[in-house]
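Data block below; observations after.
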Amino acid sequence: IEHCKNEADALEGRVSLMASRDPGVTFVSIADLVPHGDASFHAPDMIHPSVKGAAAIAGRAARVIADQR
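Heads up: the sequence shown begins at 948 in this note's numbering, then just goes up one per residue.
Here is the structure:
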């Protein structure tokens, strides 16, 4: 998804800023989740996560939740 990296980075920055303004919201970045060039984290459309990608996202979110307890 390198062709839209700049847009994704800008969106991540805006969402992170929004989350930081609400103490009840935690932002979980997935910007570094996919190793460069590893298409196995994406569905065939190369936009949405594959089962492997979704599991990695869920695992990261679960770790953040567990760390906050």
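We put the CB at the ideal spot given by N, CA and C, even for glycine.
Have a look at the options and flag the residue whose alpha-carbon is nearest the alpha-carbon of residue i.
i             : options                              : result
aspartate 956 : Ala1013, His995 and Ser976           : Ser976
glutamate 949 : Ala990, Arg1016 and Gly984           : Gly984
lysine 999    : Ala1008, Arg1007, Ala1009 and Phe988 : Phe988
Please check if any C-beta of chain D sits within less than 9 Å of the C-beta of residue i.
i          : result
valine 975 : No chain D is part of this structure, which consists of one protein chain only.
Taking the DSSP output, what are the residues bridged to residue i?
i           : result
proline 996 : His989
With a Cβ-Cβ cutoff of 9 Å, do residue i and residue j count as a contact?
i            : j           : result
alanine 1005 : leucine 980 : no
alanine 990  : proline 996 : yes
Would you mind giving the Cβ-Cβ distance between residue i and residue j, rounded to the nearest angstrom? I have them listed as a contact below 8 Å.
i              : j           : result
methionine 993 : alanine 986 : 7 Å
Secondary structure at residue i, three-state DSSP: helix, strand or coil?
i             : result
glycine 1006  : helix
serine 976    : coil
aspartate 956 : helix
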